[in-house]
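Residue numbers (the working numbering), protein chains in the order written: chain U, 943 to 1159; chain C, 659 to 984. The beta-carbon is built from N, C-alpha and C at its ideal position, and this holds for glycine as well. All figures in this text were calculated on a predicted structure; none of them were measured in a lab.
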Amino acid sequence: MIDLLIDAYQYFLANQSRFWSAATQHLWISSAALAISIAAGLPLGIWTAHEARIGQWAINLFGALRLVPSLAVLFLVQPYLGIGTTPALVALTLLAIPPVLIATYAGVRSVDSGVREAARGMGMTAGQILWRVELPLALPSIVGGVRTAAVEVIASATLAAFIGGGGLGIFITRGYALFDTRIMLVGAIPVALLALMAELSLGWMQRRLASGLDAAT
Amino acid sequence: MALIVADRLTKTFPGETRPAVDQVSFEVKQGEFVVLLGPSGCGKTTLLKMINRLYEPTAGRILIDGVDARSVPATELRRRIGYVIQQTGLFPHLTIEQNIAIVPQLLKWDRRRIEARIDELLDLVELPRSYRKRYPRQLSGGEQQRVGLARALAADPTLMLMDEPFGALDAITRARLQDELLRIQQRLHKTILFVTHDVDEALRLADRLLIMRAGRIVQFDTPLAVLAEPADDFVRDLLDADDVLRRLSLLTVADALAGNGASERLAENGVQETLKPGDTLREALIRVLRAGGQALPVVADGQNVGEISPDTIASALTRTTHALPD
Chain U
943 MIDLLIDAYQ YFLANQSRFW SAATQHLWIS SAALAISIAA GLPLGIWTAH EARIGQWAIN
1003 LFGALRLVPS LAVLFLVQPY LGIGTTPALV ALTLLAIPPV LIATYAGVRS VDSGVREAAR
1063 GMGMTAGQIL WRVELPLALP SIVGGVRTAA VEVIASATLA AFIGGGGLGI FITRGYALFD
1123 TRIMLVGAIP VALLALMAEL SLGWMQRRLA SGLDAAT
Chain C
659 MALIVADRLT KTFPGETRPA VDQVSFEVKQ GEFVVLLGPS GCGKTTLLKM INRLYEPTAG
719 RILIDGVDAR SVPATELRRR IGYVIQQTGL FPHLTIEQNI AIVPQLLKWD RRRIEARIDE
779 LLDLVELPRS YRKRYPRQLS GGEQQRVGLA RALAADPTLM LMDEPFGALD AITRARLQDE
839 LLRIQQRLHK TILFVTHDVD EALRLADRLL IMRAGRIVQF DTPLAVLAEP ADDFVRDLLD
899 ADDVLRRLSL LTVADALAGN GASERLAENG VQETLKPGDT LREALIRVLR AGGQALPVVA
959 DGQNVGEISP DTIASALTRT THALPD
């Protein structure tokens, strides 16, 4: 096992420039997918939370979409978007929207009805209620959704290599093709570390926000 | 001039056949404390929420100071009306001072004026100024509702709407806050519309009781008048109007003396106990009975102004009772 790790490290040293460009690509595509999914999922989540009738329906739909495996999503978009970075980005974004959307929905819906009624009764506009009341109170939940999405995207970006999207997945596909475990590890270990870092940092942030509110509430 | 005029106000919720509020008309005078009383589902909360347009009437209109409530934007209207609800609705992520400052900030008061107002309000509701930086969850239920009251009073509205504000509090805290509210009302003379289903609370606070049933007003009069002449059996049952002690608790020693003419006779036979004009007749009766049924002197500013005997109490009761059922 130790030998394998040392071998993998030597492969990494011998292929540093390829590794760093793949890692950069991986981070770039993950961040872009996450950013787009927040930009789309956050307003969608707020909207569904305010539309009681379609809200539950939309949440169920997106919940069901989450069950589609990431690899399937990647291959499903391929016929339409071809191969390369764009289809990978689209697939990863589709993957990341549901957790952000659902967490936003849940966070906004969890705001106490008395708090919302008081806000309206005091003469706050819908926009003021959203920005000053609902979003601050929903923030821990939203960060939790972003955390789930980030971990999923970082792990799934590995699969982008299958459709020519690049990223650290190229070492895994190559290692698999060559029956060379050490090459696979050069891709797998950094991906695991990146996912872990996202999980820990966003989890810490979520707990900070939640405990801030707990002290407050 | 009447501050609030409701004119054939009706609210039918979507999907309902029976209106929650059905062609209700009434007038509330400036500075009056009106309690909306009735069983749950009678429409009292719906009626209240139409005044600050949290519900829009299906038909009819509301005039506030002669101006149709619908002629101003709803948000603007609400900023001029104090609003207190049962769950307090305090914002959990904001401190007490930030909560109190909400409406003044919406009205774009300058910082200094808001700061001064927060101190003033904390003093008014008898909370220590050190609470400014605390969060609502760190306060007791009664303290939270004091903040709710301060927040509603923040921009000094002339009209206050209160929706079962003390409903979630224990009996002792509720009684204390009722006292506070009466004290504040004596100072500020707001026009108050207060919803409750607690009969004792209603009798205690109201200048006039607006009693509702199934979306309509059954009776709208002073507590004493409603108790003396309930409009129908529903009101009689609701208020337990035959309860003599309840009626006595609404009358004072001064009321009994006023109708009786001050007695010159002094009760000097070793009586230690005295009554004050402000005592309720219920309290007076208890003390008269405790003294063996003999008359007790009433003392105001060190002067003996009359006396209360079982007879004075009985005649005061008869005078305020025109239509007691047999």
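State the CB to CB distance for the pair residue i and residue j, rounded to an integer number of angstroms; the pair is presumed to be in contact (CB under 8 Å).
i, j, result
"U:G1065", "C:R737", "4 Å"
"C:I758", "C:I709", "Not really, about 23 Å apart at Cβ, beyond 8 Å."
"U:S1012", "U:L1043", "Not really, about 17 Å apart at Cβ, beyond 8 Å."
"U:P1041", "U:L1151", "U:P1041 to U:L1151, Cβ: 17 Å. No contact."
"U:G1026", "U:G1107", "6 Å"
"C:T938", "C:S907", "5 Å"
"C:I754", "C:P762", "With 8 Å as the limit, C:I754 and C:P762 do not qualify as a contact, their Cβ atoms being about 14 Å apart."
"C:E822", "C:Q744", "4 Å"
"U:E1059", "C:G747", "6 Å"
Residue i by DSSP, collapsed to three states: which one?
i, result
"C:N757", "helix"
"U:G1109", "coil"
"C:Y793", "coil"
"U:A1038", "helix"
"C:F691", "strand"
"C:L752", "coil"
"U:F948", "Before going further, note that residue 948 of chain U is Ile rather than Phe in the sequence given. Reduced to three states, the DSSP call for U:I948 is helix."
"C:V805", "helix"
"C:E784", "coil"
"C:P632", "A query on residue 632 of chain C cannot be resolved here, the shown segment of chain C reaching from 659 to 984 and no further."
"C:A920", "Only weak support is given to the placement of C:A920: the predicted model assigns it a pLDDT of 49, under 50, and the value that follows is read from those uncertain coordinates. Coil."
"C:G964", "strand"
"C:A925", "With a pLDDT of 47 at C:A925, under the threshold of 50, the predicted position of this residue should be treated as unreliable, though the coordinate-derived value follows. DSSP places C:A925 in coil when its eight states are reduced to three."
"U:G1005", "helix"
"C:Y713", "coil"
"U:P985", "helix"
"U:S1153", "helix"
"C:P731", "coil"
"U:S959", "helix"
"U:I1114", "helix"
Consider the Cβ of residue i: report whether some Cβ of chain A lies at a distance smaller than 8 Å.
i, result
"U:E993", "Here the protein chains are U and C, and chain A is not one of them."
Applying a beta-carbon distance threshold of less than 8 Å, which residues of chain C neighbour residue i?
i, result
"U:G1111", "Those do not exist, as U:G1111 stays about 41 Å from chain C at its closest Cβ, beyond 8 Å."
Can you list, in chain order, the residues of its chain with a C-beta nearer than 6 Å to that of residue i? Leave out the 5 residues immediately preceding and following it.
i, result
"C:F749", "N757"
"C:V884", "L867 and Q877"
"C:L785", "R804"
"C:A942", "V911, L933 and I966"
"C:A925", "The predicted model places C:A925 with a pLDDT of 47, which falls under 50 and marks its position as unreliable; any figure quoted below should be read in that light. These residues qualify, in order along the chain: A953, P955 and E965."
"U:A1045", "S1083, I1084, G1086 and G1087"
"C:F824", "R832 and L835"
"U:A950", "R1124, L1127 and V1128"
"C:K702", "L694, G696, V853 and M870"
Give the residues of chain U in contact with residue i, contact being defined as C-beta atoms less than 9 Å apart.
i, result
"C:I743", "G1056, E1059, A1060 and G1063"
"C:L712", "E1059, R1062 and G1063"
What does residue i reach in chain U if we use C-beta pairs closer than 8 Å?
i, result
"C:R737", "M1064 and G1065"
"C:E784", "Those do not exist, as C:E784 stays about 22 Å from chain U at its closest Cβ, beyond 8 Å."
"C:T849", "Those do not exist, as C:T849 stays about 17 Å from chain U at its closest Cβ, beyond 8 Å."
"C:T746", "G1056 and A1060"
"C:L779", "Under the 8 Å cutoff, chain U gives no residues; its nearest Cβ is about 14 Å from C:L779."
"C:T733", "G1065, M1066 and T1067"
"C:L764", "M1064, G1065, M1066 and Q1070"
Give the residues of chain C in contact with residue i, contact being defined as C-beta atoms less than 7 Å apart.
i, result
"U:P1078", "H751"
"U:V1075", "F749"
To which residues of the same chain is residue i closer than 7 Å at the C-beta, ignoring the five residues directly before and after it?
i, result
"U:G1109", "A964, Q967, H968, I971, A1099, T1100, A1102 and A1103"
"U:V1015", "A1033, L1036 and L1037"
"U:I1001", "T990, I1044 and Y1047"
"C:R775", "P762 and A812"
"C:A810", "G740, Y741, V742 and M818"
"U:A1092", "L976, A1140 and L1144"
"C:P968", "V946 and G951"
Please go through the same chain and pick out, in chain order, the residues whose beta-carbon is closer than 8 Å to the beta-carbon of residue i, but skip the five residues on each side of it.
i, result
"C:T716", "T668, K669, T670 and P677"
"C:R711", "A727, R728, A732, L735 and R736"
"C:L861", "L867, P881, L885, L897, R904, S907 and L908"
"C:V963", "L915, A920, P935, V956 and V957"
"U:L946", "T1123, R1124 and L1127"
"C:E685", "A660, I662, V663 and A664"
In chain U, which residues lie with their C-beta within 7 Å of the C-beta of residue i?
i, result
"C:A760", "What sits at residue 760 of chain C in the sequence shown is Ile, not Ala. Ordered by position in chain U, the residues that pass the 7 Å Cβ test against C:I760 are M1064."
Can we count residue i as close to the ligand SAH, meaning its CB is less than 7 Å from some heavy atom?
i, result
"U:L1151", "By its list of ligands, the structure shown contains no ligand whatsoever, and the ligand SAH lies outside what it can speak to."
The region 990–1000 of chain U in contact with the region 1037–1054 of chain U per 3-pair CB rule at 8 Å: A contact exists between the region 990–1000 of chain U and the region 1037–1054 of chain U.
Meets three-Cβ-pair contact criterion under 8 Å: the region 1079–1093 of chain U and the region 951–963 of chain U: With the cut-off at 8 Å, the region 1079–1093 of chain U and the region 951–963 of chain U do not touch.
Segment contact, 8 Å Cβ cut-off, at least three pairs: the region 716–730 of chain C with the region 786–793 of chain C: These segments do not touch.
Cβ contact check for the region 809–817 of chain C and the region 847–862 of chain C: 3 or more pairs under 8 Å: They touch, by the three-pair rule.
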